[in-house]
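Colleague: Residue numbers (my numbering), protein chains in the order written: chain A, 76 to 383; chain B, 2 to 370.
Built from N, CA and C at the ideal position, the CB exists for glycine as well.
The model shown is predicted, which means the values in this text are computed figures rather than measured ones.
This is the structure, below, for whatever I ask next.
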Amino acid sequence: MADAGIGLWTVPLAVIGGAIRVSTPFLFVSLGECITERSGRINLGLEGTLVMGAMSAYGISYFSGSPWIGVLSAGITGALLGALHAGICSLPRVNDVAVGIALMLFGTGLAFFLGKPLIEPTAPRLPAIDFGWWSDIPQVKAALRVNVLFLFGVALAPVLYWAFRATRWGLLIRTTGESSDAARAMGHSVLLIRLRATMVGGFLAGIGGSFLSLFYPGSWNEGLSSGQGITAVALVIFARWDPMLCLWASLAFGGAAALGPALQSVGVTFGYHLFNAAPYFLTLAIMIITCSPKRMLTGAPAELSITR
Amino acid sequence: MTSEAVDPVEAVGHIAPASDAGFLQRFGATIEYILIPGAALAGALVVFGIFVALFGKNPFDLYFYMYRGAFGTWFSWQNTLTRAAPLILTALCTALPAQLGMVIIGGEGALLIGALSATSAALVMPSAPPLAVQLAMAAAGMIGGGLWIMLTGALRQYRGVNETISSLLLVYIALAILNHLVEGPMRDPASLNKPSTREIGAANMIGSIPGTEVHWGLVFGLIAATVSYILIYHTTFGFAVRVAGGNIRAAKIVGLSVGKLVLTICFLAGACAGLSGMVEVAAVQGRTNANLAAGYGFTGILVAFLARQNPLAVIPVAVLIGGIGASGGLLQRRLGLPDASVLVLQGIIFVFVLASDALYGRIGFLKGR
Numbered sequence: 076m077a078d079a080g081i082g083l084w085t086v087p088l089a090v091i092g093g094a095i096r097v098s099t100p101f102l103f104v105s106l107g108e109c110i111t112e113r114s115g116r117i118n119l120g121l122e123g124t125l126v127m128g129a130m131s132a133y134g135i136s137y138f139s140g141s142p143w144i145g146v147l148s149a150g151i152t153g154a155l156l157g158a159l160h161a162g163i164c165s166l167p168r169v170n171d172v173a174v175g176i177a178l179m180l181f182g183t184g185l186a187f188f189l190g191k192p193l194i195e196p197t198a199p200r201l202p203a204i205d206f207g208w209w210s211d212i213p214q215v216k217a218a219l220r221v222n223v224l225f226l227f228g229v230a231l232a233p234v235l236y237w238a239f240r241a242t243r244w245g246l247l248i249r250t251t252g253e254s255s256d257a258a259r260a261m262g263h264s265v266l267l268i269r270l271r272a273t274m275v276g277g278f279l280a281g282i283g284g285s286f287l288s289l290f291y292p293g294s295w296n297e298g299l300s301s302g303q304g305i306t307a308v309a310l311v312i313f314a315r316w317d318p319m320l321c322l323w324a325s326l327a328f329g330g331a332a333a334l335g336p337a338l339q340s341v342g343v344t345f346g347y348h349l350f351n352a353a354p355y356f357l358t359l360a361i362m363i364i365t366c367s368p369k370r371m372l373t374g375a376p377a378e379l380s381i382t383r
Numbered sequence: 002m003t004s005e006a007v008d009p010v011e012a013v014g015h016i017a018p019a020s021d022a023g024f025l026q027r028f029g030a031t032i033e034y035i036l037i038p039g040a041a042l043a044g045a046l047v048v049f050g051i052f053v054a055l056f057g058k059n060p061f062d063l064y065f066y067m068y069r070g071a072f073g074t075w076f077s078w079q080n081t082l083t084r085a086a087p088l089i090l091t092a093l094c095t096a097l098p099a100q101l102g103m104v105i106i107g108g109e110g111a112l113l114i115g116a117l118s119a120t121s122a123a124l125v126m127p128s129a130p131p132l133a134v135q136l137a138m139a140a141a142g143m144i145g146g147g148l149w150i151m152l153t154g155a156l157r158q159y160r161g162v163n164e165t166i167s168s169l170l171l172v173y174i175a176l177a178i179l180n181h182l183v184e185g186p187m188r189d190p191a192s193l194n195k196p197s198t199r200e201i202g203a204a205n206m207i208g209s210i211p212g213t214e215v216h217w218g219l220v221f222g223l224i225a226a227t228v229s230y231i232l233i234y235h236t237t238f239g240f241a242v243r244v245a246g247g248n249i250r251a252a253k254i255v256g257l258s259v260g261k262l263v264l265t266i267c268f269l270a271g272a273c274a275g276l277s278g279m280v281e282v283a284a285v286q287g288r289t290n291a292n293l294a295a296g297y298g299f300t301g302i303l304v305a306f307l308a309r310q311n312p313l314a315v316i317p318v319a320v321l322i323g324g325i326g327a328s329g330g331l332l333q334r335r336l337g338l339p340d341a342s343v344l345v346l347q348g349i350i351f352v353f354v355l356a357s358d359a360l361y362g363r364i365g366f367l368k369g370r
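Below, the structure is given as structure tokens:
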């Protein structure tokens with residue numbers, strides 16, 4: 076009767092577990108988008124990249140037998156989609172927001188097309204580390220089963236934070252985002268820098284997608300991502316283009332997303348769909364609170380079309 | 002902030018040197034607006050042909066069945082036009098705000114809210130005469146959808162929230178509200194497998210245009226597109242909108258109330274998408290359930306961009322894209338292509354159309370202007 080003992084405690088536990096589990100795709104997409112936006116371009120197509128990443132990771136993991144090859148191929152798929160976005164955006168007078176919308180539709184369509192035969196089979200999944208070994212309570216164990224990708228993501232955030240401040244590449248990306256003229260005057264190709272930043276962003280978003288299909292929920296189907304990609308893009312804006320804030324925001328989001336299933340598990344079924352939409356409400360609420368029509372957002376790259 | 006916001010200015014620039022108005026001088030811009038999207042469409046079809054060829058299908062079979070399924074027979078024409086109807090309306094949800102330089106991609110949300118509002122209107126007046134019910138449904142759908150997108154406009158205007166992202170977030174919120182109501186408070190206990198609201202009743206359905214299987218939604222779409230065109234290009238209000246879309250600072254200097262323009266345009270845009278939701282309920286589904294989230298709102302974005310945000314051009318483009326959707330079934334049956342192939346083709350078209358923006362003003366024989 077250990078279960079009954081913790082009763083309603085299941086909810087906060089599941090929310091914490093969810094914050095760890097569900098936040099991983101948010102984390103990877105937002106860190107990737109952070110790099111892209113810091114270079115002065117926005118890629119709204121990461122929703123499509125996420126779904127393509129999930130599909131290719133599942134497919135490659137199934138055919139190769141190794142989930143890690145799946146993760147890598149998801150990253151490469153994402154980088155290719157990023158290159159496509161950057162390539163089209165480098166044409167004169169092409170709008171990056173619109174290209175992102177196009178790639179969002181293209182990516183999801185292509186993933187559904189190629190992923191049709193993958194709905195049935197079961198692919199090998201990513202391993203997890205049990206941080207809950209000390210506990211006898213199954214809910215605690217479940218909440219603390221942490222995927223390795225999550226740990227990578229958590230480690231990546233401070234690395235990026237440092238890289239933006241202290242490395243040559245970080246400075247170059249930020250310069251391009253603040254003033255493309257300055258970057259050009261220094262003798263760098265703005266388009267090339269943005270191409271690389273968008274490809275790295277796509278790579279990370281693809282990996283975020285692989286988490287969806289290879290760990291949680293851990294299968295491939297067409298309803299796998301419902302707006303996680305676009306939520307993560309919005310998340311970058313209120314994280315003020317700061318990788319560390321992206322990490323905290325992703326955790327908050329993961330927790331919010333876990334609220335619906337957690338309440339359902341203790342028998343609260345009212346408003347299940349509304350609670351599932353909690354991340355969207357949260358995003359919108361935070362955007363309303365933090366945005367202002369009078370000034371530009373602090374920390375916003377000056378070249379970013381979406382904040383001008 | 003967007004390329005289409007620049008276009009009116011550009012078009013004027015092309016027409017301006019009208020001193021010795023030759024054919025190319027007068028119609029060069031119009032030719033470009035037809036030629037370039039046409040070429041983009043052709044390019045997309047070629048790439049899609051190569052794509053299906055990679056899966057061992059004959060691309061010429063593909064083109065043949067696409068034509069057959071879309072425009073080959075009277076039956077397929079009717080199917081195409083039935084699909085074009087909601088696309089015209091949802092495309093206007095993107096095309097109207099684009100006149101102000103706003104990129105709104107939340108038409109799907111306004112469609113769902115419109116459908117819910119229309120269904121609710123019908124369900125609260127069970128004994129009213131059908132015409133009254135239908136009018137109430139249309140009004141409720143338009144108001145519901147209109148307020149939904151107006152919310153996006155207000156957030157942009159008064160809080161500086163990016164309208165592209167907020168409108169898309171609102172799609173998922175609208176879907177959650179719909180699922181919540183359909184599976185909870187508004188659920189018809191008799192709908193076991195597919196949770197739905199109660200039916201609006203056969204008498205209240207708006208039916209088909211006489212002699213066809215095409216429902217009246219098509220006429221609604223044609224009217225909405227034409228009215229939008231007149232509003233934007235032939236009224237003072239439309240002129241103010243285009244001024245504000247071209248240069249917001251100039252608009253403020255000449256004393257235009259930009260906030261009012263944003264809210265009005267967003268309301269009208271949402272009303273169009275909301276009306277498409279009402280039509281889907283009153284002409285197709287007869288009730289509200291999750292079937293309504295069929296992606297018309299998202300395809301409408303493509304239609305608007307392919308039509309270069311021109312409300313009148315939305316009509317032929319919607320028929321074309323509706324045709325592609327209509328041919329999906331035939332492609333599935335005859336070529337064994339998955340239903341998502343339509344989505345792939347739409348995505349490729351979208352990418353080509355946007356990339357073709359780079360071509361304007363650069364075509365050799367039109368350059369002499």
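Cβ of leucine 293 of chain B within 7 Å of Cβ of alanine 86 of chain B?
Modeller: no
Colleague: Kindly say whether serine 367 of chain A, judged by its beta-carbon, lies nearer than 7 Å to any beta-carbon of chain B.
Modeller: yes
Colleague: For chain B, is any of its Cβ atoms less than 7 Å away from the one on alanine 129 of chain A?
Modeller: no
Colleague: Do you know offhand how far phenylalanine 268 of chain B's Cα is from leucine 276 of chain B's?
Modeller: 12 Å
Colleague: Answer with yes or no whether the minimum CB distance from threonine 373 of chain A to chain B is below 7 Å.
Modeller: no
Colleague: Which runs of the alpha helix (DSSP H) spanning at least 4 residues fall entirely within the stretch 48 to 116 of chain B, listed in chain order?
Modeller: The stretch 48 to 116 of chain B contains these whole alpha helix (DSSP H) runs: 60 to 68, 75 to 99.
Colleague: Terminal residues of the continuous alpha helix (DSSP H) containing leucine 212 of chain A?
Modeller: Just to set this straight, residue 212 of chain A is isoleucine in the shown sequence, not leucine. From DSSP, isoleucine 212 of chain A is part of no alpha helix (DSSP H); its letter is neither H nor E.
Colleague: Considering only their Cβ atoms, is the gap separating alanine 327 of chain B from asparagine 163 of chain B smaller than 7 Å?
Modeller: no
Colleague: So what does DSSP say about serine 136 of chain A, is it helix, strand or coil?
Modeller: Look at serine 136 of chain A here: in three-state DSSP terms it is helix.
Colleague: Who are the Cβ neighbours of tyrosine 34 of chain B in its own chain at under 7 Å, not counting the five residues just before and after it?
Modeller: Within the same chain, Cβ atoms closer than 7 Å to the Cβ of tyrosine 34 of chain B are found at Arg309, the five residues on either side in sequence being excluded.
Colleague: If we require 4 or more residues per run, which alpha helix (DSSP H) segments fall completely within the stretch 247 to 284 of chain A?
Modeller: Whole alpha helix (DSSP H) segments, 4+ residues: 255 to 260.
Colleague: So for valine 169 of chain A, helix, strand or coil by DSSP?
Modeller: coil
Colleague: Determine, using beta carbons only, whether valine 275 of chain A and isoleucine 110 of chain A come nearer to each other than 7 Å.
Modeller: yes
Colleague: Against chain A, does aspartate 358 of chain B count as a neighbour if the rule is that its beta carbon must be under 7 Å from one of theirs?
Modeller: yes
Colleague: Exposed or buried, which one is tyrosine 265 of chain B when buried takes at least 16 other CB atoms within 10 Å?
Modeller: In the sequence as presented, tyrosine is not what sits at residue 265 of chain B; that position holds threonine. Buried, since its Cβ has 16 or more Cβ neighbours within 10 Å.
Colleague: For glycine 93 of chain A and chain B, any beta-carbon pair shorter than 7 Å?
Modeller: Output row for glycine 93 of chain A: interface = no.
Colleague: Determine the DSSP secondary structure at asparagine 248 of chain B, reduced to helix, strand or coil.
Modeller: coil
Colleague: Where does histidine 378 of chain B land, buried or exposed, given buried means 16+ other C-beta within 10 angstroms?
Modeller: Residue coverage of chain B in this structure runs from 2 to 370, which leaves residue 378 of chain B outside it and unanswerable.
Colleague: With distance defined between alpha-carbon atoms, name the residue in A:Trp143, A:Leu338, A:Gly190, A:Val229 nearest to proline 202 of chain A.
Modeller: Taking only the C-alpha atoms, the option nearest proline 202 of chain A is A:Trp143.
Colleague: For histidine 160 of chain A, decide whether its Cβ has a neighbour in chain B, counting only Cβ atoms nearer than 7 Å.
Modeller: Using a Cβ-Cβ cut-off of 7 Å, histidine 160 of chain A does not count as an interface residue toward chain B, since no Cβ of chain B sits closer than that to its own.
Colleague: Considering alanine 327 of chain A, what are the terminal residues of the alpha helix (DSSP H) in which it resides?
Modeller: 318 to 340
Colleague: Taking C-alpha atoms, which residue in A:Gly184, A:Ser141, A:Ser148 lies nearest to glycine 128 of chain A?
Modeller: For glycine 128 of chain A, the nearest C-alpha among the options comes from A:Ser148.
Colleague: Taking only beta carbons into account, state which residues of the stretch 179 to 190 of chain A come closer than 9 Å to chain B, listed in chain order.
Modeller: For the stretch 179 to 190 of chain A, which is checked against every Cβ of chain B, the residues closer than 9 Å are Met179, Leu180, Phe181, Gly182, Thr183, Gly184, Leu185, Ala186, Phe187, Phe188, Leu189, Gly190.
Colleague: Throw me the rounded Cβ distance for the phenylalanine 351 of chain B and alanine 332 of chain A pair, which I believe falls under 8 Å.
Modeller: About 29 Å; that fails the 8 Å criterion.
Colleague: Could you list which residues in chain A have their beta carbon closer than 8 Å to that of asparagine 180 of chain B, in chain order?
Modeller: His348
Colleague: Give the residues from the stretch 89 to 120 of chain A that approach chain B closer than 8 Å (Cβ to any Cβ), ordered along the chain.
Modeller: Per Cβ criterion, the list reads Leu119.
Colleague: Asparagine 351 of chain A lies in the beta strand (DSSP E); which residues open and close that run?
Modeller: Following the DSSP letters along the chain, one finds asparagine 351 of chain A in no beta strand (DSSP E) but inside the alpha helix (DSSP H) bounded by residues 347 to 351.
Colleague: Run through chain A and tell me which residues come within less than 9 Å of glutamate 184 of chain B, C-beta to C-beta.
Modeller: Listed by position along chain A, the residues whose Cβ is nearer than 9 Å to that of glutamate 184 of chain B are Tyr347, His348.
Colleague: Starting from isoleucine 204 of chain A, trace the beta strand (DSSP E) in both directions and tell me its first and last residue.
Modeller: 203 to 205
Colleague: Please list, in chain order, the chain B residues whose beta carbon lies closer than 7 Å to that of methionine 362 of chain A.
Modeller: Val162, Ser167
Colleague: Between methionine 103 of chain B and alanine 122 of chain B, which are expected to be in contact by the criterion C-beta below 8 Å, what is the C-beta distance as a whole number of angstroms?
Modeller: Wrong, their Cβ atoms sit about 29 Å apart, outside the cutoff.
Colleague: Do glycine 329 of chain A and alanine 94 of chain A have their C-beta atoms within less than 7 Å of each other?
Modeller: Yes, these two residues count as a Cβ contact at 7 Å.
Colleague: Just verifying my parser: in three-state terms, what is the DSSP assignment at arginine 363 of chain B?
Modeller: coil
Colleague: Start and end of the beta strand (DSSP E) containing asparagine 222 of chain A?
Modeller: 220 to 222
Colleague: Determine contact between the stretch 299 to 308 of chain B and the stretch 93 to 109 of chain B, defined as no fewer than three beta-carbon pairs at a distance below 8 Å.
Modeller: yes
Colleague: Beta-carbon of serine 342 of chain B versus every beta-carbon of chain A: anything under 7 Å?
Modeller: yes
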